[in-house]
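Visitor: Quick one: the structure is below, and I'll ask about it shortly.
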Amino acid sequence: MAIKQERMNQIILKEVTQIIQFELKDPNVGFVTITDVHVTNDFSYATVYVSFLGKEERNAAGLKALNRSKGFIRSTLAKRLTIRKTPEIIFKLDKSLEQGKRIENLIQSIHKD
75 MAIKQERMNQ IILKEVTQII QFELKDPNVG FVTITDVHVT NDFSYATVYV
125 SFLGKEERNA AGLKALNRSK GFIRSTLAKR LTIRKTPEII FKLDKSLEQG
175 KRIENLIQSI HKD
């Protein structure tokens, strides 16, 4: 991955985190953590991976609230970035924490036997 693309990933991660935390007023979002951002090579799309604190139904409600607020987040991000075209934001649920927890439980169950 190019250095410019890596930097843009980190800048978008930082800015979107601040926008959601301090400026987004939707109570349905809840406690969200942005785990990673991947920008395409032409900077037209940014996939933002998120995880929510809580149960499984909390994930769906939080993701739906983020998708409703996508326009506000993108317009606020456009004011903060110094690039010509702001990438379209795609929110995806990050399942890596759940998979890691499941693997850890399997390993612990093997060691108990």
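If you read the sequence shown in my numbering, its first letter stands for residue 75, the second for the next number, and so on. We treat Cβ as the ideally placed atom computed from N, Cα and C, and that holds for glycine.
1. Taking the continuous beta strand (DSSP E) assigned at LYS166, which residues delimit it?
2. Locate the alpha helix (DSSP H) running through THR91, then write down its first and last residues.
3. Apart from the five residues on each side of it in sequence, which residues of its chain come closer than 6 Å, Cβ to Cβ, to GLU89?
4. Would you tell me roughly how many angstroms separate the C-alpha atoms of SER132 and GLN84, rounded to the nearest one?
5. Nearest to VAL111 by alpha carbon, out of ILE164, GLU172, ASP100, ILE93?
6. Any idea if HIS183 is buried or exposed, counting beta-carbon neighbours within 10 angstroms, 16 or more meaning buried?
7. So, for LYS159: in the same chain, excluding its five sequence neighbours on each side, which residues have a beta-carbon less than 8 Å away from its beta-carbon?
Guide: The relevant details are as follows:
1. Looking at the DSSP string, the run of the beta strand (DSSP E) that includes LYS166 is 162–167.
2. According to the DSSP assignment, THR91 belongs to the alpha helix (DSSP H) that extends over 77–92.
3. LEU151, ARG154
4. Before going on, a small fix: residue 132 reads as Arg here, not Ser. If you take the alpha carbons of ARG132 and GLN84, they lie about 26 Å apart.
5. ILE164
6. Here residue 183 turns out to be Ser, not His, going by the sequence shown. Exposed.
7. PHE117, SER118
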